[in-house]
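Number of protein chains: 2
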Amino acid sequence: MPSPPIRRPRPARAEGSSPGAAGGPGRPGPRADRDDVRGDILRVARELFGARGFKGTTMRAVADGAGVDVALVPYYFGNKDGLFAAALELPIDPRTKIDEVFAQGLDGIGERIARTMATLIEDETVGRAMIGLMRSAVTEGPAHDVVRDFIENVIIESYARHLDAPDARQRAALAATQIVGMAMGRYVLRIEPLVSMSTDELVAHIGPTLQRYLEGG
Amino acid sequence: MPSPPIRRPRPARAEGSSPGAAGGPGRPGPRADRDDVRGDILRVARELFGARGFKGTTMRAVADGAGVDVALVPYYFGNKDGLFAAALELPIDPRTKIDEVFAQGLDGIGERIARTMATLIEDETVGRAMIGLMRSAVTEGPAHDVVRDFIENVIIESYARHLDAPDARQRAALAATQIVGMAMGRYVLRIEPLVSMSTDELVAHIGPTLQRYLEGG
Chain A
1 MPSPPIRRPR PARAEGSSPG AAGGPGRPGP RADRDDVRGD ILRVARELFG
51 ARGFKGTTMR AVADGAGVDV ALVPYYFGNK DGLFAAALEL PIDPRTKIDE
101 VFAQGLDGIG ERIARTMATL IEDETVGRAM IGLMRSAVTE GPAHDVVRDF
151 IENVIIESYA RHLDAPDARQ RAALAATQIV GMAMGRYVLR IEPLVSMSTD
201 ELVAHIGPTL QRYLEGG
Chain B
1 MPSPPIRRPR PARAEGSSPG AAGGPGRPGP RADRDDVRGD ILRVARELFG
51 ARGFKGTTMR AVADGAGVDV ALVPYYFGNK DGLFAAALEL PIDPRTKIDE
101 VFAQGLDGIG ERIARTMATL IEDETVGRAM IGLMRSAVTE GPAHDVVRDF
151 IENVIIESYA RHLDAPDARQ RAALAATQIV GMAMGRYVLR IEPLVSMSTD
201 ELVAHIGPTL QRYLEGG
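Quick mapping for you: the protein sequence lines, in order, are chains A and B. For the first sequence, the residue numbers in the working numbering are 1 to 217. For the second sequence, the residue numbers in the working numbering are 1 to 217.
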């Protein structure tokens, strides 16, 4: 991690920001400055991701919009994924999580995904962020577009990369419907008897559905 | 349908209200009165359903809250289901739809439900109401509680009544997760390739999941 190019702000990690933020060494600048830079970048990032989507937004455009040196964006957020996760207030890097789950191959992938998702949502911080995403998703406007873009270009794309099939994106999208529905029913709507089901029971029911969708057929 | 007990308002149907409303004969009262009564009943119904849930809300309590004769509630809304559907601005009676789908037995029920749901949501009026429900569902507070109550006590209960099994409610709730997820992905988030899938394709993928959940095992 290089030193910050201008203003040398304290690493974002020290301010309790998202774990996706880079934590290199650097001399702290004045407190007001440090807060402004990170906040300005995030504010512009949310605007641009909303208006142009994940693919159409460059770190340079975000830096230009925030009036900061382009190198400050990776300094604070690592890369565009990290910036996106921070803009969505996601405390985890979804791509890394998905890669971990698929690292053990397709055998049993359905149950592993169901268990990972349940565990993540049951974590207070992650769960709150995911419910925030779903709130944004049901609005109309930029927030909805950011979430759609995130699911299409980060979540579904990450799943699809691990599926060697022409209909990989369709399989991944079908799996996403079951994941979103499970999250909605158990954690957002909090419908019984979904809430009182054990994680093992939930995984035993939802896992085979995800397995079928991801394997295709 | 008896004549309205007081004020003899014009049947609600003539005012373009929900199809669940009763449409018996009756002499019209002054326009301002008619609007107030129906609107007052709905306003109080939303409050009470939110605070006490579907089961804890009686038509009498709603009438008392609105300061109208108790017979005016069934006059405008038929029964408590109709009142609830109107409070949720649902243009269909979900119980009737569910009964229709199950009338042909459990064989092929998964595909029939998937097709019925897709068709309903693709109807502009019904779709808008369903998306409104999902918006309420992701909020915190009375609106969330009304939707949860509706799904637990109307939707899941209606499904479960048709499933002769000790775990009927669990099966129904699992099916609900897939239905909600499909609706969220295709119609609320509008994620590709879910949106461009034909209804037949969608039914072919989602149907077997619903079938497995509802049959159990």
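We put the beta carbon where it would ideally sit given N, CA and C, even for glycine.
Q.
Within 8 Å, do at least three Cβ pairs link the region 143-153 of chain B to the region 47-60 of chain B?
A. These segments touch.
Q) Going by beta carbon distance, what residues of the same chain come within less than 7 Å of B:R60, once the five residues before and after it are set aside? A) V70
Q. Assuming A:G185 contacts A:I179 under a Cβ cut-off of 8 Å, what Cβ separation, rounded to an integer in Å, is found between them?
A. At roughly 11 Å, the Cβ-Cβ gap does not stay under 8 Å, so A:G185 and A:I179 are not in contact.
Q | Amino acids of chain A, ordered along the chain, whose beta-carbon sits closer than 9 Å to that of B:G181 | A | Per Cβ cutoff of 9 Å: A176, T177, Q178, I179, V180, G181, M182, A183, M184 and G185.
(Q) Runs of 3 residues minimum, wholly inside the region 106-151 of chain B: which ones carry the beta strand (DSSP E) assignment? (A) none
Q: Would you identify the three-state DSSP class for B:L182, choosing helix, strand or coil?
A: First, the residue type needs correcting, since residue 182 of chain B is Met and not Leu in the sequence shown. Three-state result, B:M182: helix.
Q.
By the three-class DSSP mapping on this structure, what secondary structure does B:K80 have?
A. helix
Q. What do you get for A:S136, buried or exposed, if any count of 16 or more other CB atoms within 10 angstroms of its CB means buried?
A. Buried: at least 16 other Cβ atoms inside 10 Å.
Q: Determine the DSSP secondary structure at B:S158, reduced to helix, strand or coil.
A: helix
Q) For B:R95, which residues of its own chain have a beta-carbon under 7 Å away from its beta-carbon, when the five flanking residues on both sides are left out? A) D81, V154 and S158
Q: For B:G105, count neighbouring C-beta atoms within 10 Å of its own C-beta (all shown protein chains included) and say buried if the count is 16 or more, exposed if not.
A: exposed
Q: Tell me the start and end of each unbroken alpha helix (DSSP H) in the region 36-103 of chain B that is at least 4 residues and wholly inside, in chain order.
A: Runs found: 59-66, 72-77, 80-87 and 94-102.
Q | Touching by the beta-carbon criterion (3+ pairs, under 8 Å), the region 109-116 of chain A and the region 97-116 of chain B | A | Taking 8 Å as the limit for Cβ pairs, the verdict is that the region 97-116 of chain B does not touch the region 109-116 of chain A.
Q | Under 9 Å by beta carbon: chain B residues contacting A:A168 | A | Chain B residues near A:A168: none, gap ~10 Å exceeds 9 Å.
(Q) Taking the straight line between their C-alpha atoms, what separation do you get for B:L218 and B:L133? (A) Missing from the structure shown is residue 218 of chain B; chain B here goes from 1 to 217 and no further.
Q.
Is it buried or exposed, A:G67, if we count other Cβ atoms within 10 angstroms and call 16 or more buried?
A. So A:G67 counts as exposed.
(Q) Buried or exposed for A:D93, going by 16 or more other Cβ atoms inside 10 Å? (A) buried
Q) Based on Cα-Cα distance, which residue from B:R43, B:I98, B:L90 and B:R212 lies nearest to B:V73? A) B:R43
Q) Pick from B:F49, B:R128 and B:G207: whose alpha carbon is nearest that of B:P91? A) B:R128
Q: Helix, strand or coil for A:R169, going by three-state DSSP, please let me know.
A: helix
**Q.** Short CB-CB distance (under 8 Å) between B:L233 and chain A
**A.** Not covered by the structure: residue 233 of chain B. The range shown for chain B is 1 to 217.
Q) From B:P142 to B:L48, what distance separates their C-alpha atoms? A) 9 Å
Q.
Between which residues of its own chain and B:A168 is the CB-CB distance below 7 Å, once the five residues before and five after are set aside?
A. A160
(Q) I'd like the span of the alpha helix (DSSP H) that includes B:R212, first residue to last. (A) T199 to E215
Q) Just to confirm, are A:A172 and A:L163 a CB contact at a threshold of 8 Å? A) yes
Q: Check the Cβ-Cβ distances between B:D188 and every residue of chain A, and say whether any is below 8 Å.
A: Residue 188 of chain B is actually Val in this sequence, not Asp. Closer than 8 Å to the CB of B:V188 there is at least one CB belonging to chain A.
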